[in-house]
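Novice: In UniProt numbering, the protein residues as written are 1 to 255. Would you mind keeping the following structure in view while I ask a few things?
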C-alpha cells in the first residue's frame with residue numbers, strides 16, 4: 001500500500017549532523033522517485049491479489065478433471081509406484097520396503113488452501129494393507145510467514161512388527177525394515193514448526209516436487225517419455241552408423 005507521506009520521514013531529516021547537505025534538486029528528485037516506487041508497490045500488491053483470484057478460480061475448474069484422472073489411474077496397477085520410481089529425484093525417497101507398501105497406493109491428491117498462498121496438503125490413499133491401519137495419510141505444509149513453515153502429518157498407526165520406533169528396525173518373520181532415515185515414511189512423518197532453514201529445505205524440496213511436478217503430470221514419469229526419447233535418438237544414430245559402415249564395406253569389396 002502507499003505509505004503515509006505525512007508520517008514518513010523525509011530524506012533531509014535523516015542527514016547526519018555535520019554531513020554535507022544534499023542538493024535541493026537531487027533531494028526533490030529522490031522524493032519524487034519514492035512516490036513512484038510507492039505507486040509501483042501498490043500495483044504489485046493488486047497484481048498479486050488478482051493472480052491469487054485467478055488461481056483460486058482455476059483450482060475449482062481443475063478439480064473435476066483431476067478426479068476423472070484419478071478414477072482412470074486406479075485401473076492401472078502400480079501406477080503411482082511406477083511414477084515415483086521413474087521420477088529422477090523422488091525415487092530416492094523409496095527404499096525396498098517402501099516399494100512393497102506403495103503397491104497399495106491407489107491415489108494421490110494435492111490440494112491448495114483456499115487462499116492458495118497459505119500452503120497445501122498432499123494426501124496418499126492406500127488400499128487395506130498388512131503394514132498400517134490407515135488408508136489415508138495427509139501431509140500439510142503451512143506457510144506461517146516468509147521464513148517459517150509448519151509441517152504436520154497424519155500419525156501412522158503401524159501394525160504389530162511393522163512400524164519404526166526411534167530409528168530402530170522392527171522384525172517380523174525374521175525380516176528387518178531399513179533404518180527410518182532411508183524411508184519415504186520418515187520424510188512423511190517428519191513434523192516441525194520453526195524457521196529451521198535446513199528442515200524447510202528437506203521437507204519443501206520433496207513436497208514441492210510432488211506438488212509442482214509429479215502431481216501435475218504423473219503420466220510423464222510413468223511413461224518415462226524423456227528418457228525413452230533420449231535413448232531412441234541414440235539407437236537411431238547407432239543404427240544409421242551401422243548401416244553406413246556396412247554399405248562402405250560392400251563398396252570396398254566391389255572395388
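No residue lacks a Cβ here, since even glycine has one placed at the ideal position from N, Cα and C.
(1) Distance, Cα to Cα, residue 140 vs residue 55?
(2) Please return the same chain residues whose Cβ sits closer than 8 Å to the Cβ of residue 189, not counting the five positions on each side in sequence.
(3) Following the continuous alpha helix (DSSP H) through residue 81, name the residue where it begins and the one where it ends.
(4) Using the C-alpha atoms, what's the distance from residue 87 back to residue 151?
(5) Tell me which residues share the same chain as residue 227 and place their Cβ nearer than 7 Å to its Cβ, disregarding the 5 neighbours each side in the sequence.
(6) Hey, out of 134, 147, 149 and 124, whose CA is closest to residue 210's CA?
(7) So what does residue 141 bridge to, in DSSP terms?
(8) Please return the same chain residues whose Cβ sits closer than 6 Å to the Cβ of residue 85, not counting the five positions on each side in sequence.
(9) For residue 107, name the three-state secondary structure that DSSP assigns.
(10) Can you give the beta carbon distance from residue 142 to residue 149, rounded, assuming they're within the 8 Å contact cut?
(11) If you drop the 5 nearest sequence neighbours on each side, which residues of the same chain put their C-beta closer than 6 Å to that of residue 127?
(12) Classify residue 77 as buried or exposed, calling it buried when 16 or more other Cβ atoms lie within 10 Å of its own Cβ.
(13) DSSP on residue 211, reduced to helix/strand/coil?
(14) Are there 16 or more other CB atoms within 10 angstroms of the CB of residue 131, so buried, or fewer, so exposed?
(15) Residue 174 by DSSP, collapsed to three states: which one?
(16) Whole angstroms is fine: what's the gap from residue 233's alpha carbon to residue 62's?
(17) Let's see if you can read the secondary structure: which residues bound the alpha helix (DSSP H) around residue 187?
(18) Answer yes or no: do residue 82 and residue 222 have a C-beta to C-beta separation smaller than 8 Å?
(19) Identify the residues that DSSP records as bridge partners of residue 112: which are they?
(20) In the DSSP assignment, find the alpha helix (DSSP H) that holds residue 58 and state where it starts and stops.
(21) Is residue 159 helix, strand or coil by DSSP?
(22) So residue 52 and residue 115 are supposed to be a Cβ contact under 8 Å. How far apart are they, rounded?
(23) Where residue 145 and residue 109 are concerned, what is the direct C-alpha to C-alpha distance, given to the nearest angstrom?
(24) On the criterion of 16 or more Cβ atoms from any shown chain inside 10 Å, does residue 194 qualify as buried, or is it exposed?
(25) Name the DSSP beta bridge partners of residue 125, please?
Specialist: This is what the structure holds:
(1) Taking C-alpha positions only, residue 140 is separated from residue 55 by approximately 19 Å.
(2) For residue 189, where only same-chain residues beyond five positions count, the Cβ hits under 8 Å are 153, 155 and 156.
(3) Under the DSSP assignment, residue 81 falls in the alpha helix (DSSP H) whose first and last residues are 79 to 85.
(4) Computed Cα separation, rounded: 23 Å.
(5) Unreliable positioning characterises residue 227 in this predicted model, as indicated by a pLDDT of 47, which lies under 50. A coordinate reading is not provided.
(6) Taking only the C-alpha atoms, the option nearest residue 210 is 124.
(7) In DSSP, residue 141 forms a bridge with 120 and 151.
(8) Closer than 6 Å at the Cβ level, and outside the excluded window around residue 85, lie 91.
(9) Three-state DSSP puts residue 107 in a strand.
(10) A Cβ-Cβ distance of about 7 Å is found for the pair residue 142 and residue 149, placing them in contact under the 8 Å criterion.
(11) Cβ neighbours of residue 127 beyond the five flanking positions: 104 and 106.
(12) Looking at its Cβ environment, which holds fewer than 16 other Cβ atoms inside 10 Å, residue 77 is exposed.
(13) In the displayed model, residue 211 falls within a helix according to three-state DSSP.
(14) Note on residue 131: 16 or more other CB atoms within 10 angstroms of its CB, so buried under the neighbour-count rule.
(15) Residue confidence is low: residue 174 scores 44 on pLDDT, short of 50, so the model does not pin down where it sits. No coordinate-derived value is stated.
(16) Reliability fails at residue 233, whose pLDDT of 44 lies under 50, so the model's placement of it is uncertain and the value that follows must be treated cautiously. When rounded, the separation of the alpha-carbon atoms in residue 233 and residue 62 is 35 Å.
(17) That run of the alpha helix (DSSP H) goes 184 to 189.
(18) Yes.
(19) The partner list for residue 112 (beta bridge, DSSP) reads 120.
(20) Per DSSP, residue 58 is one residue of the alpha helix (DSSP H) stretching across 24 to 73.
(21) Looking at residue 159 - three-state DSSP - the assignment turns out to be coil, as it is neither helix nor strand.
(22) With a Cβ gap of about 7 Å, residue 52 and residue 115 count as contacting.
(23) When rounded, the separation of the alpha-carbon atoms in residue 145 and residue 109 is 25 Å.
(24) At residue 194 the pLDDT is 49, less than 50, meaning the model places this residue with poor confidence; the figure from the coordinates comes in the next sentence. Looking at its Cβ environment, which holds fewer than 16 other Cβ atoms inside 10 Å, residue 194 is exposed.
(25) The partner list for residue 125 (beta bridge, DSSP) reads 107 and 136.
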